[in-house]
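In what follows, a structure is listed as structure tokens, so that the remarks can point back to it.
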Amino acid sequence: MANGPLIIDLMHPVDAVLQFPTIGRVSDKNVDIPLWVKYDGMPYDLTGHQLGFYGRDAKGVAKIALQDPVGPAIEAGRVTFTMPGAAFQAAGEYQEAWFRIEKDGQLISSQNVKFNVLENNVEFGVDDEPYYSDVEKLITELKNDTAKSKDDALSIISEFETKFQAEYSKVTSLSNEMTTQMKWIIDQLDLIKAKVQSSDIATKSELEQALLQMNKDIFESLKQKADKTYIDNYLAKITYVPTTFVDLNALQAKYPSGANGLYITADTGHKFIWDGSAWKDCGAYQSAGLADGSVTIDKLSNNAFTYVSSDNMAFHRTAMSRGFNNYEKLKFEVGTISGADGSDVEANNTVRTALGAMNYQGIAVFTFNPSKYQWKLAQYDANRKFVKFLTDWNSGQNNHIDFESGQYYRLLVSTIDSSAIDANDVLLNVKVASLNNKMTYNLGDLTRNFDHMITIGGGAEPEISVDKSQNIKITMPANPLIMFDGMGSNVAVSPVAYNGITFTLTHANVLVWNLQKNTISVQAISDNRDKLNVILADNIYGQINNGFFSQFYDRKIARNDVGYQINIAGNNHPSFVSNSDNSLDVIMPNSSLVYFNHFGKQIKISDSKYYGKAINLPTSSVLLWNFDTNEIVAQPQESERPVNSIILANNIYKHVTSGYFEQYFKEQFGPEYADSYRAYAEQNIAYNDQDITVVGDELWIGLQSSPDHDAAHTGQIIRLDRNLKQVGRYVHNLGHLNTMDYCANNDTLLVGNASDEASAVPEIILIPNVSKLKVDPDWPLIDYNSDTVIKIKFPDISPMGIGAVFGETPDVAYLLIGGAPGMNSVVKIELGMGASDLSCAGYGAFIKNTDGYNGTAQYVRRYYGRTMEVNQGATFYNGKIYGAFCRSKTHFAKITLHEPQLTNHDGFYSIEDWTIADYGTEPNGMAIYDGLYMRTTYDGKLVDMPLSNRQGGQANIGETVKMPFRGSNIQITPTSPVTDLYVEVVDGQNFTVKSASEKTGTCNWTAAID
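Following the working numbering, the numbering of the sequence shown begins with 3 at its first residue and continues without gaps.
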């Protein structure tokens, strides 16, 4: 059965009873009980002591077993007590039992225990007899020695008479019954000796039979004599409670010449023993306990922590960490052997095992103090004759040493400096394992897979690079590697010589830290290596997939397989322009790319010189971010590229099919531009240049000025009536007028200056009360630098000029971002009005004392969607943005903005787009006219596209109207006092509104588009 250990503390209270584990059943034989003897919680050295078990079993039969300590660490109190079969003759709990510890015949301590024996329902006929181990031992020795030789029988019997006489002397003071019994045994020996001398016992078999009969008679006699009265008398003689005196003077007065035993003085609570010449104070005997924090380091023995870090606690010292189930229990004796014949030779610097003690098929030897001890093996033949030294002196370890069958082997351990050797210390630092106990897997190897067991001094890291041949160069950290075991003990520190050394790993190489030899080297993956090793790195086609250094590879080398590791600051997006030569212009975001490793550590930030930069990407090429140089470049896809780089995008016939930017390309282009066409109507017009807008009944057409707002290079805003006749103009230096939008609620003109000019500023221009401006009729200048013009810049929203339109209310505007490369996002802003200063968390400079726009604005949200071509004018109508777009192909679009589910996230936009036939040039401007048409201009032409299936306009009564489109179901609404109106249809596209009274006037009309 699995047992113990049973801890016996010499400082336990005398009335304490230890619960002994159930260790056996009736008829068990020689059960080993692990004991750990301590003194006040610390290991107690049992060298030179004797252990005894005393008790009366469940039937009241006496049992006494004595033995010298044996075990794995006697000096630490760790011993094995072998309980003889006689202790297991009656089922049930012992009526009383205790362990007794003596040294040199003097009682050191005794400890009461509870001891239980289980039933055995299989074996029967077990007799319960008294048992005294020393008597049984002497009789067994007598039988064995006598069996060796008849000629020596008399001398052997005489020798054992002396031994029994010694036992007789021990028991004379304990009980008369035991004294009588021992005297009977001695008399029997005298009788046998007389028979040998008279030849009554003439043969070896007769002598053995006589001894057998004596043995039977002895235990029959003990069975009759060892009754309860005897055992009670015997146990009463064994005193285990120390005698107490008032003080030392009282003790000295009582025993001036000393006495055996342990004595206590009440005044100090100290224990005293007689050392042969005086009473010696051995310190405190028992107390209520130690106060918390009262034990200092100075009070601890030098060996106090020997066993805390021993084989049972420190994992790296265990047999399991070396690949074995357990170590073997060896005994060493001081001395060496002769190199000539293998005989024993005295030597105080060496210990040896006994000849025949290592009965194994093979062993492994491990040393834990190689600077102090060395070892070697000696081989003997089947006749125990010395053959040779199997190994030379070795201070390291050997995992596999085979033994020849039928041969004998001895292990020798010596101090390297020839100093005196301590056999107990050798037991701690030199371990032997049998090859039969080798495990399938080395648990130590499995444990070393945990990264946290290695640290680098000072938090230093290795430098790692990969060349074009997929070789990995690892420059070791400037500080040593430190390895810890599972208990946090420092196991190994790499030599300083490896600090800063560079190793090159080709494919299928590993970088190995050999803990046994404390070396770091490159090996092939398939090479054999010592059990005690750690893989620092491997190289599989230029990547480190395993080993402690793999984490640093992930931090330092770009990984193209993890796209989410890149973020774009400010959540900006790249955009793309498709060119006729199958190339793409990649418009970089207006903020940095940021690369993170698997651990969330920021590794690389792209240079600001790439903000908004257009990079041409020909077909069959890739856009690379080179981490080594921090450059973003385009190169042919078949060209050799740096290992430490990220693919941002490729171009396969104007399609991005891989790289981090692929997601944005798909988002931008989605389905190709629609090839749907809409009907349109056109009129001749004398002016067109940039955007247009409707102000009341007027159509304003913007003609650009120079972008630097120079008053010497002005543009115009031409004002046309409904019949496209000029009714006025403004002169301006406002800039490009890429977008021009009007808010009727507060008579304000909004201007944006997106353009191809790199110098274009991302700003909007507000001109309040624009239709009522007081200007010089001969030179009606709207001066960019006057107080009439309000300017708000947005430098971090766009790197170039922006378009702008009013939104749902006068204090909302939408910025069209993307400029010359193409619109790729829309930003919603709030415009500050009156006392609402938005500049603190937004943009602009606050203008005081105004009820209108105060020159400030703040960011609300950005919307992303498919990148359009260059914006040629826009307006906002019924919750949608309408725009004209062109660079290589004309498109018109209705843009719907979609709000995000979470308020702090970006939205997106969707588009409905179309084109018109016959116009391949660039359109200029976008306005909603009469709520029925999208109006734009081309060179010399004004073009209207219906918003729905309705058309309309104004008519003069009595004049024929030509509808823009063929139509029907004409409806009229008078706009003058004449109301007796009716329609006379001329044909499918012409009609006349007449008055029954033949008066003149005006009306509005609408009709369905056929």
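Glycine included, each C-beta is placed from N, C-alpha and C at the ideal position.
At the level of alpha carbons, what is the spacing between Phe578 and Ser623?
Spanning the two alpha carbons is a distance of roughly 15 Å.
Count the other CB atoms, across all protein chains shown, that sit within 10 Å of the CB of Ala746; report buried if there are 16 or more and exposed otherwise.
Result: exposed.
Just the C-alpha distance for Thr923 and Cys888, rounded to the nearest angstrom, thanks.
Rounded to whole angstroms, Thr923 to Cys888 spans 8 Å at the Cα level.
Give a yes or no on contact between the segment 997–1009 and the segment 935–946, applying the rule of three or more CB pairs nearer than 8 Å.
The answer is no - the segment 935–946 does not touch the segment 997–1009, with fewer than three Cβ pairs under 8 Å.
Assign Gln670 to buried or exposed, taking buried as 16 or more other Cβ atoms, counted over all protein chains shown, within 10 Å of its Cβ.
Looking at its Cβ environment, which holds 16 or more other Cβ atoms inside 10 Å, Gln670 is buried.
Using 8 Å as the threshold, is the segment 606–622 in touch with the segment 682–692, meaning 3 or more CB pairs across them?
As far as the Cβ criterion goes, the segment 606–622 does not touch the segment 682–692, which means the pair count is below three.
Which of the three DSSP states is assigned to Ala356 in this structure?
The answer is coil: DSSP assigns Ala356 none of H, G, I, E or B.
For the beta strand (DSSP E) that Asn426 lies in, which residues bound it at each end?
Asn426 -> not in any beta strand (DSSP E); alpha helix (DSSP H) instead, spanning Ala425 to Asn431.
Nearer than 8 Å: is that true of the beta carbon of Gly344 relative to any heavy atom of the ligand COA?
As for the ligand COA, it is missing from this structure, which has no ligand bound.
Is the segment 919–937 touching the segment 871–889, taking contact as three or more C-beta pairs under 8 Å?
Segments in contact, yes.
What would DSSP say about Phe391, mapped onto helix, strand or coil?
Of the three classes helix, strand and coil, the one that applies to Phe391 here is strand, per DSSP.
Compute the Euclidean distance between the alpha carbons of Arg731 and Phe667, then round it to the nearest angstrom.
Their backbone Cα atoms lie some 43 Å apart in a straight line.
What would DSSP say about Glu901, mapped onto helix, strand or coil?
Correct three-state label for Glu901: coil.
Trp515 bridges to which residues according to DSSP?
Paired residue(s): Ile522 and Val536.
Ser416 by DSSP, collapsed to three states: which one?
Of the three classes helix, strand and coil, the one that applies to Ser416 here is strand, per DSSP.
Secondary structure at Val729, three-state DSSP: helix, strand or coil?
Three-state DSSP puts Val729 in a strand.
Using a Cβ-Cβ cut-off of 6 Å (strictly less than) and excluding sequence neighbours within five positions of Asn426, which residues of its own chain qualify?
Around Asn426: Glu77.
With a threshold of 16 other CB atoms inside 10 Å of the CB of Cys1005, please say whether the residue is buried or exposed.
Label assigned to Cys1005: buried.
Inspect the beta-carbon positions of Asp277 and Leu250 and report whether they are closer than 9 Å.
Taking 9 Å as the Cβ cut-off, Asp277 and Leu250 do not qualify as a contacting pair.
Measuring CA to CA, which of His711, Val729, His715 and Arg680 is closest to Ile703?
Out of His711, Val729, His715 and Arg680, Val729 has the C-alpha closest to the C-alpha of Ile703.
Can you list, in chain order, the residues of its chain whose CB lies under 7 Å from that of Tyr612, leaving out five sequence neighbours each side?
So the qualifying residues of the chain are Met590 and Ile634.
Out of Ala462, Phe808, Thr790 and Val493, which one is the CA nearest neighbour of Asn481?
Selected option, being the one with the closest Cα: Ala462.
Taking 8 Å as the cut-off, does the segment 90–104 touch the segment 42–61 (at least 3 CB pairs, one atom from each stretch)?
Contact holds: three or more Cβ-Cβ distances are below 8 Å.
CA-CA distance, Asn880 and Lys896?
Near 11 Å, if we compare the C-alpha coordinates of Lys896 and Asn880.
Could you check what DSSP says for Ile76 in three-state terms: helix, strand or coil?
Three-state result, Ile76: helix.
Indicate whether Gly698 and Gln706 have their beta-carbon atoms separated by less than 9 Å.
For Gly698 and Gln706, no; Cβs fall outside 9 Å.
Is Ser912 helix, strand or coil when you go by DSSP?
Strand, per DSSP.
Please list, in chain order, all residues of the same chain as Val514 whose beta carbon is under 8 Å from its beta carbon, the five residues on each side excluded.
Hits under 8 Å: Ile522, Ser523, Val524, Gln525, Arg531, Asn535, Val536, Ile537 and Leu538.
Are Gly909 and Tyr861 closer than 9 Å when you measure CB to CB?
Going by C-beta atoms, Gly909 is not nearer than 9 Å to Tyr861.
What residue does the alpha helix (DSSP H) around Leu250 start on, and which one ends it?
Element bounds for Leu250: Leu250 to Lys256.
Take the Cβ of Asn813 as the centre, count every other Cβ of all protein chains shown within 10 Å, and call the residue buried at 16 or more, exposed below.
Looking at the sequence itself, residue 813 is Asp, so the reference to Asn does not match. Under this definition Asp813 is a buried residue.
Does DSSP put Glu465 in a helix, in a strand, or in coil?
Strand, per DSSP.
Whose C-alpha, out of Leu517, Phe486 and Asn473, is nearest the C-alpha of Phe505?
That would be Asn473, whose Cα lies nearest to the Cα of Phe505.
If distances are taken between C-alpha atoms only, which option among Asp946, Pro976, Gly969 and Phe967 comes closest to Gly960?
Nearest option by C-alpha distance: Pro976.
With DSSP collapsed to three states, give me the class of Gly271.
Correct three-state label for Gly271: coil.
Please go through the same chain and pick out, in chain order, the residues whose beta-carbon is closer than 6 Å to the beta-carbon of Asp42, but skip the five residues on each side of it.
Correct list, in chain order: Met13.
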